[in-house]
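Same order as they appear, the protein sequences are chains L and V. Take the first sequence: its position 16, counted from the start at 1, is 83 in the numbering used here, and no numbers get skipped. Take the second sequence: its position 83, counted from the start at 1, is 1059 in the numbering used here, and no numbers get skipped. Even for Gly, the Cβ is constructed at its ideal location relative to N, Cα and C. Reading through the structure tokens given below for one structure.
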Amino acid sequence: DTEVTQTPKHLVMGMTNKKSLKCEQHMGHRAMYWYKQKAKKPPELMFVYSYEKLSINESVPSRFSPECPNSSLLNLHLHALQPEDSALYLCASSQVPSPPTNEKLFFGSGTQLSVL
Amino acid sequence: QQQVKQSPQSLIVQKGGISIINCAYENTAFDYFPWYQQFPGKGPALLIAIRPDVSEKKEGRFTISFNKSAKQFSLHIMDSQPGDSATYFCAASMEYGNKLVFGAGTILRVKS
Chain L
68 DTEVTQTPKH LVMGMTNKKS LKCEQHMGHR AMYWYKQKAK KPPELMFVYS
118 YEKLSINESV PSRFSPECPN SSLLNLHLHA LQPEDSALYL CASSQVPSPP
168 TNEKLFFGSG TQLSVL
Chain V
977 QQQVKQSPQS LIVQKGGISI INCAYENTAF DYFPWYQQFP GKGPALLIAI
1027 RPDVSEKKEG RFTISFNKSA KQFSLHIMDS QPGDSATYFC AASMEYGNKL
1077 VFGAGTILRV KS
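Now the structure itself:
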């Protein structure tokens, strides 16, 4: 199984809503990532978890709250988002970096989020 | 110094032709250079990657050419097919970092 599964595929939420994005992988990868991608732009790194611990937070606003309950699951909790947060949210996984590093990233298909 | 500059922004190629996408970087600490392919509605998928100890890597119709002195690398797609129509991102990273720095992307359209 070489898949990263993301749910839901599409999400529409109001600015006062609370919602969560979910990501799952069963490849035994111990690094998991959240990326944000605007239309016609490259993915932008948001968070990295290594061995279920947050290792990188790219100065993401606190209205985005990541959680890694176990080695297979990654969540992104959303609260009080703004319309400019509308984007494709991608989850990815990889082996934990060790030389040679940055082994292949496996991306999910993403959640297309619209904030009204 | 952390940027990767990618060109062209978009590219139209006839079926059977060669597609060429170029990237340039400044940070000499980068030592891993992957290319990702992304279809509409999907996440990026790793296509091919190279490290600076080789000047060329080929996998099927896809070839990376790497010029360390010029700090440039390029993707060549031979015998381009309509199914290759997608957005292509070059990227770079350092040995001990989790962070990939992506280029701006190239939208490739192969006309049949």
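8 Å Cβ cutoff, residue i in contact with chain V
{"i": "L:F36", "result": "With chain L running from 68 to 183 in the structure shown, residue 36 of chain L is simply not present."}
{"i": "L:P75", "result": "no"}
{"i": "L:K171", "result": "yes"}
{"i": "L:G81", "result": "no"}
{"i": "L:P10", "result": "Not covered by the structure: residue 10 of chain L. The range shown for chain L is 68 to 183."}
{"i": "L:L157", "result": "yes"}
{"i": "L:G177", "result": "yes"}
heavy atom of the ligand COA below 7 Å from residue i C-beta
{"i": "V:I1026", "result": "By its list of ligands, the structure shown contains no ligand whatsoever, and the ligand COA lies outside what it can speak to."}
C-beta neighbour in chain L for residue i, strict 8 Å
{"i": "V:K1075", "result": "yes"}
{"i": "V:G993", "result": "no"}
{"i": "V:G1019", "result": "yes"}
{"i": "V:F1049", "result": "no"}
{"i": "V:G1036", "result": "no"}
{"i": "V:P984", "result": "no"}
Residues near residue i by beta carbon distance below 8 Å, same chain, minus five either side
{"i": "L:L78", "result": "K86, L88, T178, Q179, L180, S181"}
{"i": "L:M80", "result": "K86, L145, L148, L180, S181, V182, L183"}
Residues that DSSP places opposite residue i in a beta bridge
{"i": "V:C999", "result": "V:Q982, V:F1049"}
{"i": "V:S1041", "result": "V:E1032, V:S1050"}
{"i": "L:F114", "result": "L:W101, L:N124"}
{"i": "V:I1024", "result": "V:W1011"}
{"i": "L:M80", "result": "L:V182"}
{"i": "V:C1066", "result": "V:W1011"}
{"i": "L:E119", "result": "The partner list for L:E119 (beta bridge, DSSP) is empty, contrary to what the question assumes."}
{"i": "V:I1083", "result": "V:S986, V:T1063"}
{"i": "L:P133", "result": "L:L143"}
{"i": "L:Q73", "result": "L:C90"}
Nonlocal neighbours in the same chain, by C-beta distance under 7 Å from residue i, ignoring five residues either side
{"i": "V:D1055", "result": "G992, R1037"}
{"i": "V:A1062", "result": "Q1013, Q1014, F1015, L1084"}
{"i": "L:L157", "result": "Y102, Q104, P110, F174, G175, G177"}
Sequence-distant residues of the same chain with beta carbon closer than 6 Å to residue i, five excluded per side
{"i": "V:Q990", "result": "K1087"}
{"i": "V:I1024", "result": "W1011, E1035, F1038, I1040"}
**the segment 1017–1035 of chain V in contact with the segment 134–146 of chain L per 3-pair CB rule at 8 Å** = By the Cβ criterion, the segment 1017–1035 of chain V is not in contact with the segment 134–146 of chain L, since fewer than three pairs of Cβ atoms, one from each stretch, lie closer than 8 Å.
**Prompt:** Is it true that the segment 979–990 of chain V meets the segment 999–1011 of chain V, where meeting means three or more beta-carbon pairs spaced less than 8 Å apart?
**Reply:** Under the 8 Å Cβ criterion, the segment 979–990 of chain V counts as touching the segment 999–1011 of chain V, having at least three qualifying pairs.
**Asked** Quick one: any contact between the segment 124–141 of chain L and the segment 100–115 of chain L, if contact means 3 or more CB pairs under 8 Å?
**Response** Cβ pair count under 8 Å is three or more, so yes.
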